[in-house]
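Student: Okay, handing you the structure first.
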Amino acid sequence: SPLAAEAEHGIEVVVGPELITGSTRLKAGTAQKLVLNMLSTITMIRLGKTYGNLMVDVRASNEKLRARSRHIVALATGADDTEIEAALAATGGEVKNAILVLLGHVDAPESARLLQAHGGHLREALGEAAKG
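Residue numbers (my numbering): 1 to 132.
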């Protein structure tokens, strides 16, 4: 396409004709949404906002997100509710930091330092914490 020729990296998804001629919200729209979802997922992974299949860069600004944060920390660490609450309280509700506190056996300031040193990448920070 003319647009792809101008782009540094063209992404062209061939979906074939629409079931209903003239309706771009079916195949083409769905394909576009899937491509954008893949790009945003890859971006989140590369930015260090995930740990395994968990989104760990969560800002708990309401009760629903605080519950989600507790659940994510539980899935990542296997810790009990008391440990999770203590870690989240110590880290100001920061999920990545709380996971690092629990799995890396470090305090909150050290978890913040390790995450900053590793560009926010939890797995790398855990690796350094394990070296101790």
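Even glycine gets a Cβ: it sits at the ideal position worked out from N, Cα and C.
In terms of DSSP beta bridges, what is residue 55 paired with?
Tutor: Paired residues: 50.
Student: Less than 7 Å between CB atoms is the rule here; does residue 73 satisfy it with respect to chain C?
Tutor: Judged by its chain identifiers, the structure shown contains no chain C, having just a single protein chain.
Student: Assuming the contact rule is C-beta atoms closer than 8 Å, residue 106 and residue 115 should be a hit. Round their C-beta distance to whole Å, please.
Tutor: Contact flag wrong, Cβ pair sits at about 10 Å.
Student: Does DSSP put residue 113 in a helix, a strand or coil?
Tutor: The answer is helix: DSSP assigns residue 113 an H, G or I state.
Student: Thinking C-alpha only, which one of 98, 41, 65 is nearest residue 80?
Tutor: If we check each option's Cα against that of residue 80, 98 comes out closest.
Student: Smallest Cα separation from residue 51: which of 7, 132, 125?
Tutor: Checked all of 7, 132, 125; the closest Cα to residue 51 is 125.
Student: Report the CB separation of residue 102 from residue 77 in whole angstroms; it is logged as a contact under 8 Å.
Tutor: The Cβ separation is near 4 Å, so the contact holds.
Student: So residue 56 and residue 95 are supposed to be a Cβ contact under 8 Å. How far apart are they, rounded?
Tutor: With a Cβ gap of about 5 Å, residue 56 and residue 95 count as contacting.
Student: Determine the burial state of residue 61: buried for a count of at least 16 other Cβ atoms within 10 Å of its Cβ, exposed for fewer.
Tutor: Flag for residue 61 reads exposed.
Student: Could you tell me the boundaries of the alpha helix (DSSP H) in which residue 133 lies?
Tutor: Any answer about residue 133 is impossible in this case: the structure gives the chain only from 1 up to 132.
Student: Which of helix, strand or coil does DSSP assign to residue 88?
Tutor: Note: residue 88 maps to helix in three-state DSSP.
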